[in-house]
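Last residue of the sequence shown: number 968 in full-length UniProt numbering, and the count goes up by one each step with no gaps.
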Amino acid sequence: MSFWAVQVEDALSYLDQVKLQFGNQPQVYNDFLDIMKEFKSQSIDTPGVINRVSQLFKGHPDLIMGFNTFLPPGYKIEIKNNRLNLLQSHTPVSSTPSSGPPLQNNQPVEFNHAINYVNKIKNRFQGQPDIYKAFLEILHTYQKEQRNAKEAGGNYTPALTEQEVYTQVARLFKNQEDLLSEFGQFLPDANNSVKKPKMMGKDHSLTELGKISTSTETMFFEKVKKALRSAEGYENFLRCLYIFNQEVISRTELVQLVIPFLGKFPELFTWFKNFLGYRESSYGETSHAESLPKERSTEGIAMEIDYASCKRLGSSYRALPKSYQQPKCTGRTPLCREVLNDTWVSFPSWSEDSTFVSSKKTQYEEHIYRCEDERFELDIVLETNLATIRVLETVQRKISRMSAEEQLRFRLDNTLGGSSEVIHRKAIQRIYGDKAHDIIDGLKRNPAASVPIVLKRLKMKDEEWREAQRGFNKIWREQNEKYYLKSLDHQGINFKQNDTKMLRSKTLLNEIEMLYDERQERTSEEAGTPPASSPHMTFTYDDSQILEDAAALIIHHVKRQVGIQKEDKFKIKQIINHFIPDLLFARRGELSDVEEEEEEEDAEVDEGGPKKHNGLSGRSPVKSKLLFSNTTAQKLRGADDAYNLFLVNNYWYVFFRLHHILCSRLLRIYGQAEKQIEEEAREREWEKEVLGLKKDKNEHPAIQLKMKEPVDVEVEDYYSVFLEMVRNLLDGNMEPAQYEDSLREMFTIHAYVAFTMDKLIQNIVRQLQHLVADDACSRVVDMYLSECANKGTGGTLSSQASRAAAEGGYQRKAEQLMSDENCFKVMFVKKDGAVSLALELLDTEEENSDEWSDYMGRYLTSDSASPELREHLAQKPVFLPRNLRQIRKCQKGWEQVQQERLSRSSSNKPQEGSRELNMECMFKLNSYKMVYVCKSEDYMYRHTALTRAHQVSSEGSKNTWKDKRGFK
């Protein structure tokens with residue numbers, strides 16, 4: 001018993017130490033529990049568990065040395081000169097009750113077993129906490145007696161023996177035979193001395209019965225393992241038991257789950273159902289009221305209930321079944337019966353029982369929780385101490401009214417004049433420590449002399465602790481203000497790291513290339529002709545006003561970049577303020593006044609200067625002309641149901657993607673600001689109508705609790721202040737941490753999307769530098785401007801078919817220009833007032849793609865031959881001489897046939913000599929093969945066929961001479 005009593009108290013204390021030491025590393029605590037479970041199941045021996053615990057707690061010698069408490073006799077860990085030594089004694093261990101716990105298979109009852117037993121008691125008596133506390137008091141008292149006896153060296157006889165401990169526990173666990181029998185495993189001698197008179201002829205003690213029970217269960221699992229003959233099947237069987245232990249399924253559901261495993265083995269299945277306490281109704285259907293384990297009592301509050309199958313309310317409450325008999329209560333009034341809860345019970349889940357983490361707290365939440373825990377613990381200490389002071393002050397006033405003789409006869413009971421035996425004892429123990437027992441004994445025997453002294457000491461400690469509390473409150477307030485808003489922001493923790501990767505050019509390119517590859521795979525797997533061209537990505541621009549805010553932020557950052565020359569800055573401003581709004585059917589932004597004036601003054605001076613391929617001067621940015629002054633996009637700006645076509649390379653694609661991300665995030669922040677304005681307006685209106693007063697914004701609960709500082713900005717100004725903060729962040733006038741905190745104060749948990757706004761704008765400016773400095777990007781713009789004159793860059797949706805040839809030519813030129821890199825087809829579509837961006841990656845990697853494009857163009861276009869070639873052929877046609885002779889010979893006959901056909905054109909019957917072409921064919925782009933479409937055909941016949949046919953038969957026999965694949 002001494003070993004086990006020490007185990008229970010010290011095991012709980014030791015677990016608390018491990019939790020406290022590794023508060024930020026919950027995995028270490030879970031690993032420690034796993035090691036103990038393996039040790040309990042005898043998967044590892046004692047030296048093995050010592051080695052693993054020492055490795056787990058490396059660097060924490062206090063925890064390693066504290067583990068000695070739980071080692072069986074004969075083992076000890078020592079640390080000398082920072083080295084770990086394991087001492088193992090082979091001396092036989094005495095079999096007296098005080099020498100150690102009962103052995104099972106040469107292994108002691110571990111402290112993990114003790115913890116499980118204590119948890120079982122806690123769960124069993126969760127409605128009667130006094131029983132659980134009384135049980136711990138018995139163990140604590142016995143432990144103290146054993147410690148005093150050990151220190152006295154045999155000169156002290158413990159007042160509480162194992163026999164008395166067992167008797168008290170048996171009285172406490174009345175009608176709880178299973179708990180009492182399990183408790184008897186830790187008190188073999190006392191258990192036998194009490195139970196033997198009642199067992200009458202039984203040869204086994206309760207310890208041996210525990211062994212038999214354990215071996216029976218082990219034998220059952222061995223039989224199941226042999227019967228299933230499959231490691232996988234046995235593992236699935238164990239999984240069913242595991243989810244039952246986790247209370248995921250009920251007892252009935254468990255029986256149904258194991259039928260495929262044990263249904264073929266009636267003996268094993270019957271034993272399993274008996275072990276569960278499961279029974280079926282006489283009609284062969286499962287009874288809803290499942291029976292309970294036979295060895296457990298069903299009386300009163302201790303009745304075993306399968307809470308997993310009960311009605312749920314949230315995750316923490318279950319409804320008691322209707323068959324449950326409520327304990328009698330004689331002190332209830334009608335009001336008590338009306339308002340008190342007799343149905344719902346708390347159903348907690350203990351972290352020691354499972355390694356599953358339902359929700360992982362962030363580091364900022366941990367700070368908040370730790371502050372609350374510290375506050376709570378200190379409040380408990382202060383209130384406990386204050387309650388004891390009040391009780392002793394009452395006793396002191398009572399003593400002051402007594403005579404001297406009455407004071408000598410006056411005694412205190414275990415409650416020390418109060419109503420609780422525990423609260424005041426703990427308060428005194430907290431101050432006096434090991435001497436608390438003597439102090440309490442003095443208070444009981446001589447209150448007149450002891451109470452003033454103890455009361456004075458308690459008041460001194462109360463002042464000392466309250467002074468410390470005032471200091472702690474400052475620290476806790478600072479921590480709460482620092483971490484409160486961050487603790488609410490779950491998504492912002494990982495957003496910055498993930499978003500930085502997402503904004504990289506490589507990531508954006510990989511995204512569309514992956515979509516392209518998937519479509520190509522589907523096309524190659526599907527039979528038939530390839531599908532029509534369609535975009536791989538489509539994005540929407542929901543608010544044109546946001547374009548102006550995005551442009552202002554981009555230009556703001558561009559102006560402050562000393563590495564960008566003035567000429568390139570002017571090009572960038574034209575792209576942002578002119579070209580992008582034109583493509584998106586939005587209003588153009590204005591260039592700065594200085595630049596416009598300089599443009600007007602120096603336009604004529606620059607006429608004779610050297611020009612680059614994109615139309616800009618190579619000497620000075622202020623002597624350049626506007627790039628996008630006469631584009632198709634500019635003309636379509638006010639039109640509805642129109643589109644703009646732009647074929648671009650990688651740099652332009654990445655820019656468009658980043659620009660859309662910027663606009664979408666600005667719009668999201670703007671929408672959140674508008675939502676908060678509406679919410680505050682509704683709240684003010686409600687306060688005015690219902691409360692009749694206007695509440696100050698500083699009356700927010702978080703501000704009242706000193707958890708955050710009040711915001712000085714009005715909610716109507718949140719969005720404009722946000723834009724100003726982004727500018728300050730880009731200029732380096734604001735720290736990122738301050739920027740994030742200010743955003744959280746304004747937009748709470750929705751602010752995280754703007755945390756990386758500076759990185760996003762910097763990436764956009766970097767792409768713009770490539771667009772104006774890279775030759776390939778400049779050629780892309782030149783091609784677009786030249787194709788605007790050919791009407792190949794867009795127009796109205798209704799006339800799109802008429803521009804197919806021009807747009808096809810634009811695409812072929814772009815593919816040829818960007819044959820060494822990706823070529824993207826970008827379409828800006830405005831339909832029903834909504835603007836969308838469609839991105840498609842074109843295929844430019846096929847062999848002989850240039851020749852194929854030229855061939856397709858010549859095949860589809862009737863006037864593909866150059867004017868020079870047509871003139872040459874008109875003057876000197878190229879024909880075989882025999883064909884020329886035959887043509888001249890049949891010239892007259894052909895003219896006659898044509899006249900006859902025209903004369904019969906008004907006839908109702910279809911003309912038999914019709915030459916209408918109905919043959920259809922398609923081309924496979926991946927193989928260059930021409931495929932004829934089924935049920936489409938045309939036919940040809942000789943020039944004089946009809947004349948000869950009329951001569952042969954008056955009815956006409958064109959079917960005889962018709963040749964579907966005739967020759968000219």
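Note that the Cβ used here is the ideal one computed from N, Cα and C, for glycine as well.
- Here the C-alpha atom of S400 lies approximately 11 Å from the C-alpha atom of P452.
- In the DSSP assignment, S346 is bridged to Y317.
- When the beta-carbon positions are compared, F275 and Y307 stay at least 8 Å from each other.
- Distance from the CA of Y132 to the CA of N175, rounded to the nearest whole angstrom, comes to 15 Å.
- Comparing alpha carbon positions, the residue from M783, A838, L666 closest to Y643 is A838.
- Residue state for N644 is assigned as strand, using DSSP reduced to three classes.
- Looking at the backbone, the Cα of L63 and that of S54 are separated by about 9 Å.
- In the same chain as L509, and ignoring 5 residues on each side of it, the C-beta atoms closer than 8 Å to its own belong to N650, Y653, V654, N822, in chain order.
- Excluding the 5 residues flanking it on each side, N68 has same chain C-beta neighbours closer than 7 Å at K76, I77, in chain order.
- Taking the Cβ atoms as the reference, A170 lies roughly 6 Å from L180, within the contact range of under 8 Å.
- Counting the other Cβ atoms within 10 Å of the Cβ of N480 gives 16 or more, which makes it buried.
- Of the residues I368, F183, S420, the one whose Cα lies closest to the Cα of T388 is S420.
- Beta-bridge partners assigned by DSSP to M827: L645, A838.
- For M537, the uninterrupted beta strand (DSSP E) run begins and ends at 537-541, by DSSP.
- Fewer than three Cβ pairs drawn from the segment 742-750 and the segment 771-782 lie within less than 8 Å of each other, which leaves the two stretches out of contact.
- Here the segment 376-395 makes contact with the segment 445-465; the two share three or more CB pairs at distances below 8 Å.
- Residue pairing of G795 in beta bridges, as defined by DSSP: Y643.
- By the criterion of a C-beta distance shorter than 7 Å, E685 is surrounded by no residue of its chain, once the five residues flanking it on both sides are discounted.
- Cα atoms of E679 and R665: separation of roughly 21 Å, rounded to the nearest angstrom.
- DSSP, reduced to helix, strand and coil, places R312 within a strand of the structure shown.
- Of the candidates Y29, E217, T756, N577, T756 places its Cα closest to the Cα of P736.
- Under the Cβ criterion (8 Å, minimum of three pairs), the segment 757-771 does not count as touching the segment 795-814.
- With contacts defined by Cβ atoms closer than 8 Å, I661 and L760 form a contacting pair.
- In this structure, DSSP gives Y278 a state outside helix and strand, which the three-state scheme calls coil.
- Runs of the beta strand (DSSP E) lying entirely within the segment 447-532, each at least 3 residues long, are absent.
- Looking at Q27, F22, S13, the one whose alpha-carbon comes closest to that of F70 is S13.
- The closest CA to that of F272, considering only R312, P867, V224, is found on V224.
- Annotation for M757: the continuous alpha helix (DSSP H) segment containing it runs 757-773.
- Relative to the Cα of I259, the nearest Cα in the group Q396, N236, K226, Q21 belongs to N236.
- Between the beta-carbon of A633 and that of L583 there is about 5 Å, and that keeps the pair under the 8 Å contact cut.
- For Q25, no alpha helix (DSSP H) run applies, since DSSP gives it neither H nor E.
- Between the segment 364-371 and the segment 470-489, the count of Cβ pairs shorter than 8 Å is three or higher; the stretches touch.
- Taking the CA atoms as reference points, H437 sits about 12 Å from A427.
- If the five residues before and after E548 are omitted, its C-beta is found closer than 7 Å to the C-beta atoms of G589, all from its own chain and listed in chain order.
- By the criterion of a C-beta distance shorter than 7 Å, H60 is surrounded in its chain by Q21, once the five residues flanking it on both sides are discounted.
- The Cβ-Cβ distance between I564 and Q769 falls below 8 Å.
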